[in-house]
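First to last, the protein sequences are chains A and B. Take 1 as the starting number for the first sequence in my numbering and just add one per residue. Take 114 as the starting number for the second sequence in my numbering and just add one per residue. Even glycine gets a Cβ: it sits at the ideal position worked out from N, Cα and C. Here the structure is laid out as structure tokens; the discussion comes afterwards.
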Amino acid sequence: GDSVTQMEGPVTLSEEAFLTINCTYTATGYPSLFWYVQYPGEGLQLLLKATKADDKGSNKGFEATYRKETTSFHLEKGSVQVSDSAVYFCVLLRDGGYQKVTFGIGTKLQVIP
Amino acid sequence: DTEVTQTPKHLVMGMTNKKSLKCEQHMGHRAMYWYKQKAKKPPELMFVYSYEKLSINESVPSRFSPECPNSSLLNLHLHALQPEDSALYLCASSQEPPGAGGNIQYFGAGTRLSVL
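Laid out in structure tokens, this is it:
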């Protein structure tokens with residue numbers, strides 16, 4: 001079945017540091033890939049998406065590129081802020097058929113001043 | 114507007130109580146979802162409604178009873194819950210039901226439920 005693997009964390013970074021959160025997936029066909037962010041005490045917010053190979057999703061300084069050859073969708077940001085502290089979920093949506101989403105375990109990011 | 118509104122934000126209930134969670138969206142979305150999220154875990158799918166009909170039930174215990182009165186509203190009726198049911202309950206909606214490509218789910222802020 002489908003699966004998403006992402007680093008568990010927590011990841012602790014100083015403000016303005018470079019962020020990478022790794023995400024790899026296993027799925028048949030051509031899934032869509034998403035990053036969602038969950039701030040403390042809140043629901044999930046869509047951060048960015050990519051629907052086909054080589055697509056780059058970007059939003060609020062975050063980027064992720066859909067790499068089919070490495071089955072990866074790593075999240076990056078050049079300079080993190082304290083306000084980026086949250087849990088980040090890598091999410092897969094298989095195309096066609098029963099489209100249950102598959103969540104990664106979530107990576108907690110803590111940015112310290 | 115990509116807002117999904119959930120009420121209440123917090124709920125405390127005893128094991129013999131009956132309560133309901135509410136979810137509302139006005140984006141014209143055709144699918145709505147209930148998820149359960151335990152602390153430090155990803156959300157787990159409970160139910161999916163497509164065109165106001167229950168299309169997916171992930172083997173959820175009958176003490177959870179979903180209802181979709183119309184295309185904008187989704188309820189989750191709770192009865193005789195157990196302490197282990199304490200969690201964050203998230204509602205989501207998507208433009209198209211499961212089966213359409215690239216379908217984005219938009220989540221509400223959730224209801225934090227405590228069962229005593």
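Burial state of residue i (16 or more Cβ within 10 Å)
i, result
"Ser14 of chain A", "exposed"
"Ala152 of chain B", "exposed"
"Gln195 of chain B", "exposed"
"Lys122 of chain B", "exposed"
"Thr102 of chain A", "buried"
"Phe18 of chain A", "exposed"
"Leu48 of chain A", "buried"
"Ser207 of chain B", "buried"
"Val4 of chain A", "buried"
"Thr31 of chain A", "This sequence places Pro at residue 31 of chain A; Thr is not what is there. So Pro31 of chain A counts as buried."
"Gly127 of chain B", "exposed"
"Leu229 of chain B", "exposed"
"Gly221 of chain B", "buried"
Beta-carbon contacts of residue i that lie in its chain and below 8 Å, excluding the five residues immediately before and after
i, result
"Gln150 of chain B", "Pro156, Glu157, Ala200, Leu201, Tyr202, Leu203, Gly223"
Close beta carbons around residue i, own chain, < 7 Å, minus the five adjacent residues each side
i, result
"Gln81 of chain A", "Glu15, Val111"
"Glu209 of chain B", "Arg143, Ala144, Asn216"
"Gln6 of chain A", "Ile21, Asn22, Cys23, Cys90, Gly104, Ile105, Thr107"
"Pro113 of chain A", "Glu15, Val82"
"Tyr129 of chain A", "For residue 129 of chain A there is no data in the structure shown, the boundaries of chain A being 1 and 113."
"Gly78 of chain A", "Phe18, Gly61"
Proximity test, Cβ basis, 8 Å: residue i and chain B
i, result
"Lys56 of chain A", "no"
"Lys100 of chain A", "yes"
"Lys49 of chain A", "yes"
"Phe89 of chain A", "yes"
"Phe103 of chain A", "yes"
"Leu44 of chain A", "yes"
Nonlocal neighbours in the same chain, by C-beta distance under 6 Å from residue i, ignoring five residues either side
i, result
"Val87 of chain A", "Gln38, Gly106, Lys108"
"Ser163 of chain B", "Ala144, Pro210"
"Asn188 of chain B", "Ser133, Lys135, Glu180"
"Ser72 of chain A", "Thr24"
"Met140 of chain B", "none"
"Ala50 of chain A", "Leu33, Gly57, Tyr66"
Any chain A beta carbon closer than 8 Å to residue i
i, result
"Pro121 of chain B", "no"
"Gly127 of chain B", "no"
"Leu220 of chain B", "According to the sequence as given, residue 220 of chain B is Phe; it is not Leu. Taking Cβ atoms only, chain A reaches closer than 8 Å to Phe220 of chain B, which makes this a yes."
"Pro174 of chain B", "no"
"Asn170 of chain B", "no"
"Asn216 of chain B", "yes"
"Pro179 of chain B", "no"
"Gly223 of chain B", "yes"
"Leu134 of chain B", "no"
"Leu187 of chain B", "no"
"Leu158 of chain B", "yes"
"Leu226 of chain B", "no"
For residue i: DSSP bridge partner residues
i, result
"Cys204 of chain B", "B:Trp147"
"Tyr25 of chain A", "A:Val4"
"Met128 of chain B", "DSSP, once it has assigned bridges, lists no residue as partnering Met128 of chain B."
"Val87 of chain A", "A:Gln38, A:Lys108"
"Val101 of chain A", "A:Leu93"
"Ile169 of chain B", "B:Val161"
"Leu226 of chain B", "B:Leu124, B:Ala200"
"Leu75 of chain A", "A:Ile21, A:Ala64"
"Lys135 of chain B", "B:Thr120, B:Asn188"
"Val11 of chain A", "A:Leu109"
Check: residue i C-beta below 7 Å from any heavy atom of the ligand ADP
i, result
"Glu76 of chain A", "No copy of the ligand ADP occurs in the structure displayed, which carries no ligand at all."
Can you list, in chain order, the stretches of the beta strand (DSSP E) that have 3 or more residues and sit fully within the region 43-72 of chain A?
Complete beta strand (DSSP E) runs here, min 3: 44-50, 56-59, 62-65.
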